[in-house]
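In UniProt numbering, the protein residues as written are 1 to 284.
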């Protein structure tokens, strides 16, 4: 008789597969101990951004309440968040899942600022996890979507998009603060001809910038400091992408960064309006 399948090991919910782009090429180019150290640092940084084996007590406690599990396989991170948890009993599934997608966006933005580009897929389905065994159709779907996305985006499957788009809890939000429209974006005709919905990390990151405020006129200082912090964040984001595009060694890799540059420009124009021009990436 085989081992018993228990609820502790079998869950249904969100499953994400995140991959560090260019990892294999960087491994093959390692010539010095310093090259190895830098690659190891980047892998550790990505794992930390997605809260793998966090040393922070509050992060660990939060993961317990949400039921979140984070696994790392060299240059890949796999994340699972169940639909049923102590937190969903209080907040509902919509808010919990949207919060997780937002955390993915922040992590992706932090990685790009460091020159680390990610690609991922996120699905909704079940997974069975016991010790070193992981069996999950959602993982397979997320993995395949990560490959199909072909550019530095964290894409979501049609099943997950439909679940969130039709979730009844969306009606609790007014149109100006409804998170679905701000968090997800569709892009048609990727370099491989496909169309995907993905996490709009650039918009989320810019709206989440937290400046340091010092001074008595806190309202004015907060506005000015926030605008300055957003400007610096966007400026560096553009510089990192432009550098990666210039250093691309093959046309296929260059196309990925050209897509990212166009995405950057579109979101920067939307966010900064008339102040966007100095922050745009030249594509000529």
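The beta carbon of each residue, even a glycine, is placed where N, CA and C say it ideally should be.
Separation of residue j from residue i, as counted between CA atoms
{"i": "residue 233", "j": "residue 207", "result": "11 Å"}
{"i": "residue 51", "j": "residue 192", "result": "32 Å"}
{"i": "residue 112", "j": "residue 3", "result": "43 Å"}
{"i": "residue 40", "j": "residue 23", "result": "10 Å"}
{"i": "residue 126", "j": "residue 141", "result": "11 Å"}
{"i": "residue 156", "j": "residue 35", "result": "33 Å"}
{"i": "residue 18", "j": "residue 274", "result": "35 Å"}
{"i": "residue 168", "j": "residue 95", "result": "11 Å"}
{"i": "residue 84", "j": "residue 97", "result": "11 Å"}
{"i": "residue 54", "j": "residue 284", "result": "43 Å"}
{"i": "residue 335", "j": "residue 68", "result": "One cannot answer for residue 335 here, as it falls past the ends of the chain, which runs 1 to 284."}
{"i": "residue 229", "j": "residue 47", "result": "25 Å"}
First through last residue of the alpha helix (DSSP H) which encompasses residue i
{"i": "residue 40", "result": "33-49"}
{"i": "residue 109", "result": "93-113"}
{"i": "residue 155", "result": "No alpha helix (DSSP H) holds residue 155; the beta strand (DSSP E) holding it covers 154-156."}
Local conformation of residue i per DSSP, three classes
{"i": "residue 69", "result": "strand"}
{"i": "residue 131", "result": "coil"}
{"i": "residue 141", "result": "helix"}
{"i": "residue 24", "result": "helix"}
{"i": "residue 116", "result": "coil"}
{"i": "residue 19", "result": "strand"}
{"i": "residue 9", "result": "coil"}
{"i": "residue 56", "result": "coil"}
{"i": "residue 255", "result": "helix"}
{"i": "residue 124", "result": "strand"}
{"i": "residue 280", "result": "coil"}
{"i": "residue 274", "result": "helix"}
Proximity winner among the options, relative to residue i (alpha-carbon distances)
{"i": "residue 105", "options": "182, 90 and 172", "result": "182"}
{"i": "residue 226", "options": "239, 209 and 236", "result": "209"}
{"i": "residue 102", "options": "240, 260 and 202", "result": "202"}
{"i": "residue 79", "options": "205, 246, 13 and 229", "result": "13"}
{"i": "residue 152", "options": "280, 268 and 258", "result": "258"}
{"i": "residue 180", "options": "162, 43 and 268", "result": "162"}
{"i": "residue 82", "options": "138, 58, 46 and 231", "result": "138"}
{"i": "residue 27", "options": "16, 43 and 15", "result": "43"}
{"i": "residue 65", "options": "48, 72, 91 and 280", "result": "91"}
{"i": "residue 148", "options": "195, 223 and 16", "result": "195"}
{"i": "residue 237", "options": "186, 38, 280 and 223", "result": "280"}
{"i": "residue 158", "options": "242, 122 and 228", "result": "122"}
{"i": "residue 187", "options": "67, 171 and 154", "result": "154"}
{"i": "residue 235", "options": "197, 119 and 261", "result": "261"}
{"i": "residue 108", "options": "99, 118 and 100", "result": "118"}
{"i": "residue 190", "options": "248, 174 and 252", "result": "252"}
{"i": "residue 134", "options": "245, 166 and 70", "result": "70"}
{"i": "residue 45", "options": "16, 248 and 77", "result": "77"}
{"i": "residue 249", "options": "29, 15, 9 and 171", "result": "29"}
Extent of the continuous beta strand (DSSP E) run through residue i
{"i": "residue 78", "result": "76-82"}
Review point. Unbroken alpha helix (DSSP H) runs of length 4 or more, entirely within the segment 169-217: which are they?
Key: The segment 169-217 contains these whole alpha helix (DSSP H) runs: 179-183 and 201-207.
Check your understanding: What are the uninterrupted segments assigned as alpha helix (DSSP H) that are 4 or more residues long and contained completely in the segment 218-253, given in chain order?
Key -> Unbroken alpha helix (DSSP H) stretches of 4 residues or longer found wholly inside the segment 218-253: 218-247, given in chain order.
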